[in-house]
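Protein chains in written order, with our numbering: chain G, -11 to 327; chain Z, 55 to 273. Idealized CB from N, CA, C, for every residue including glycine. All values derive from a computational prediction rather than experimental measurement. Data block below; observations after.
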């Protein structure tokens, strides 16, 4: 079959809501392909439609038009019974964990197996195994109210894995967690992806989550896909406004003190150049100084990437010379409005 | 203070009151629980959305709930006679009590089930649960503590209704209070029966709340 390496394929997916005289597009002609075994991110501001999008993948929300192809099967054409069976191959975790509050961790993990008709003893053995994978073997008899947010999400992950899914859908799975717990949960998702080969789809509004674990990312903006590509591509040279906004969003908040008249330049280092003293050389060469406003290096999927935003000298001649200098090196440099 | 006969009468009254209350509550739940489930399931955000059925059920429940109990008792005398063969005594009182309480219970059940976080239902759907599984494995168990609180409210309300039944010949403590306290001016007997009713309500309410609290794993 065509595109057999794509486990999820969305074709011209639309979701509209009808209000009195207007049609509101929650999703507008979404075309997307998620490859088997990858960690795919979907990022957008709140209200962009990303939660609707993920709910359309397992048809918790029925798309108004378009197709959802999962594992070479068009989900929109399935009977309710067949759809329920297909859903067992797609685990899902949520921002609010959505655990059964009246069941212990172990019983929660048993729940999807109960539905799938797996024998109780077998289910309990597997549930215990899964809780061990997520590092909660000692809390199996605790109720959700006795667990921390991170632990609850781990139980939810174990529960989502219970029926051996091919895909794990994560809807803002770390948004209710603090940064440290977030990192732990993301590590776990990475580990699950590597060890079990499960495709992971991550919906988030935080760029840092995407950088940390995803290989490819789609940016969704006002119900449409604005941009799609590898995380490196999007991170080093964002094209759409939505992407730029998401990438610059964090430093913007931190620094709003500098004067407007100075021109700013965003320098992106990748791979090898991250450790060369390019900036130092430039300063020596151009005989003028720059003001570093923001600098950050990140580890993206095993390679070092760096981003830096510098304020160029007020003197236009020096500033232009610096830009020219940077253009001749193998870093990417572009002038940015940075306020 | 009282003659033996009076003590016996009051003891019998307690027995009848408990009999009417508990049996009525039980039978009313047999109707009210499925009715409440149906209300939640057929709701537009429910697991089996069906606006027509939902509206019809809502209207029937509202009509039954808006008839004052005293009038309902008189209104359904033919039905009571057809079912129990009599219209006086505690057993006869169970019929109007059930009819009055079932819609009330349906609303209590409805509000308990609606307290269950929709996200949990969504999670179950994402695992491929059928609507029936969602009802019996998610909604009811998750709402259990709240349902138990509701049943404590239901049983005490039914108890106070049962006392009203004394007016048209029902049994129990209510009848004793009316017959001796009101019609024969024996105020002490009226006070005693009222105190007993208060004590029974307290016990039922407290027990219900305790059981509900113990069953709740959220704290």
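Three-state secondary structure (DSSP) of residue 319 of chain G: Under the three-state reduction of DSSP, residue 319 of chain G is assigned to coil, being neither helix nor strand.
Going by the CB atoms, is the gap between residue 170 of chain Z and residue 193 of chain Z shorter than 8 Å? Yes, Cβ-Cβ distance for residue 193 of chain Z and residue 170 of chain Z is below 8 Å.
Compute every distance between the C-beta of residue 275 of chain G and the non-hydrogen atoms of the ligand ADP, then say whether any falls below 7 Å. The ligand ADP is absent from the structure shown, which contains no ligands of any kind.
Go through its chain and collect everything with a Cβ distance to residue 44 of chain G's Cβ below 7 Å, but skip five positions before and after it. Answer for residue 44 of chain G: 1, 3, 15, 51 and 56, listed in chain order.
Grouping DSSP H, G and I as helix and E and B as strand, with all else coil, what is residue 85 of chain Z? When secondary structure is reduced to three states using DSSP, residue 85 of chain Z falls in the helix class.
Just the Cα atoms here: how many angstroms apart are residue 251 of chain Z and residue 70 of chain Z? Taking the straight line from one Cα to the other gives about 12 Å.
Pull the bridge partners of residue 53 of chain G from the DSSP assignment, please. Bridge partners of residue 53 of chain G: G/2.
Can you pull the chain G neighbours of residue 192 of chain Z, defined as C-beta to C-beta under 9 Å? Identification of chain G residues near residue 192 of chain Z by a Cβ-Cβ cut-off of 9 Å yields 88 and 99, ordered along the chain.
Is there contact here, the stretch 15 to 32 of chain G with the stretch 66 to 83 of chain G, by at least three beta-carbon pairs under 8 Å? In short, these stretches do not touch, since the Cβ pair count stays below three.
Going along the chain, which residues of its own chain have a beta-carbon closer than 6 Å to the beta-carbon of residue 212 of chain G, five neighbours each way excluded? Within its own chain, the residues whose Cβ lies closer than 6 Å to the Cβ of residue 212 of chain G, once the five positions on either side in sequence are excluded, are 16, listed in chain order.
Residue(s) in a DSSP beta bridge with residue 212 of chain G: DSSP, once it has assigned bridges, lists G/209 as partnering residue 212 of chain G.
Report the residues of the stretch 33 to 61 of chain G with a CB closer than 7 Å to any CB of chain Z, ordered along the chain. Answer in chain order: 46 and 48.
Residues in its own chain within less than 6 Å of residue 231 of chain Z by CB, not counting five upstream and five downstream? The beta carbon of residue 231 of chain Z lies closer than 6 Å to those of 244 and 247 in the same chain, with the five residues before and after it left out.
Which class does residue 232 of chain G belong to by DSSP, given the choice of helix, strand or coil? Helix at residue 232 of chain G.
Does DSSP put residue 170 of chain Z in a helix, a strand or coil? Correct three-state label for residue 170 of chain Z: coil.
Just to confirm the assignment, what range does the beta strand (DSSP E) spanning residue 78 of chain G have? For residue 78 of chain G, the enclosing beta strand (DSSP E) has its first and last residue at 78 to 82.
Rounded separation between residue 206 of chain G and residue 222 of chain G - CA only: Using only the alpha carbons, I get a separation of about 9 Å.
Would residue 263 of chain Z count as contacting chain G if we go by Cβ distances under 8 Å? Judged by the 8 Å Cβ criterion, residue 263 of chain Z is not in contact with chain G.
Identity of the residues DSSP links to residue 156 of chain G by a beta bridge: The beta-bridge partner set that DSSP reports for residue 156 of chain G consists of G/79 and G/188.
Determine whether the beta carbon atoms of residue 87 of chain Z and residue 164 of chain Z lie at a separation below 8 Å. Taking 8 Å as the Cβ cut-off, residue 87 of chain Z and residue 164 of chain Z do not qualify as a contacting pair.
When the Cβ atoms of the stretch 208 to 216 of chain Z are set against those of the stretch 94 to 114 of chain G, are three or more pairs found closer than 8 Å? Taking a cut-off of 8 Å on C-beta distances, the stretch 208 to 216 of chain Z does not touch the stretch 94 to 114 of chain G, as fewer than three cross pairs fall below it.
Anything in chain Z within Cβ reach of residue 84 of chain G, meaning under 7 Å, just list it in chain order. Per Cβ cutoff of 7 Å: 173.
Reduced DSSP category for residue 119 of chain Z - H, G, I as helix; E, B as strand; rest coil: If DSSP states are grouped into helix, strand and coil, residue 119 of chain Z belongs with the helices.
Neighbourhood of residue 239 of chain G by C-beta, 6 Å cutoff - its chain only, sequence neighbours within 5 removed: Because residue 239 of chain G carries a pLDDT of 49, less than 50, the predicted location of this residue cannot be relied on, and the following value inherits that uncertainty. Within the same chain, residue 239 of chain G has close Cβ partners 282.
One question on the structure: do residue 186 of chain G and residue 158 of chain G come within less than 8 Å of each other, judged by their Cβ atoms? Cβ distance not < 8 Å, so residue 186 of chain G and residue 158 of chain G don't count as in contact.
Beta-carbon spacing of residue 277 of chain G, residue 301 of chain G below 8 Å: Yes; because the gap between Cβ atoms is below 8 Å, this pair is in contact.
Length of the line joining the Cα atoms of residue 247 of chain G and residue -2 of chain G: Confidence is the limiting factor: at residue 247 of chain G the pLDDT is only 47, short of 50, which leaves the residue's position unreliable, though a coordinate-based value still follows. Spanning the alpha carbons of residue 247 of chain G and residue -2 of chain G requires a straight line of approximately 46 Å.
So with CB distances below 7 Å, who are the chain Z contacts of residue 133 of chain G? Taking the beta carbon of residue 133 of chain G as reference, the chain Z residues within 7 Å of it are 271, 272 and 273, listed in sequence order.
Relative to the C-alpha of residue 59 of chain G, which residue among G/308, G/272, G/155 and G/257 is closest? Nearest in C-alpha terms to residue 59 of chain G, of all of G/308, G/272, G/155 and G/257, is G/155.
What are the start and end residues of each continuous alpha helix (DSSP H) run of 4 or more residues lying completely inside the stretch 171 to 200 of chain Z, in chain order? You should have 172 to 180.
Counting only beta-carbon separations shorter than 8 Å, does residue 181 of chain Z have a partner in chain G? At least one CB atom of chain G sits nearer than 8 Å to the CB of residue 181 of chain Z.
Between the Cα of residue 265 of chain G and the Cα atoms of G/250, G/202 and G/296, which residue gives the shortest distance? It is G/296 whose Cα lies nearest to the Cα of residue 265 of chain G.
Mind checking if residue 76 of chain G is an interface residue toward chain Z, Cβ cutoff 8 Å exclusive? Cβ-Cβ to chain Z under 8 Å: yes for residue 76 of chain G.
Against chain Z, does residue 114 of chain G count as a neighbour if the rule is that its beta carbon must be under 8 Å from one of theirs? No, because no Cβ of chain Z sits closer than 8 Å to the Cβ of residue 114 of chain G.
Bridge-paired residues (DSSP) for residue 379 of chain G: Within the shown structure, residues of chain G are numbered from -11 to 327, placing residue 379 of chain G beyond reach of any answer.
Taking 8 Å as the CB-CB limit, is residue 160 of chain G close to chain Z? Output row for residue 160 of chain G: interface = no.
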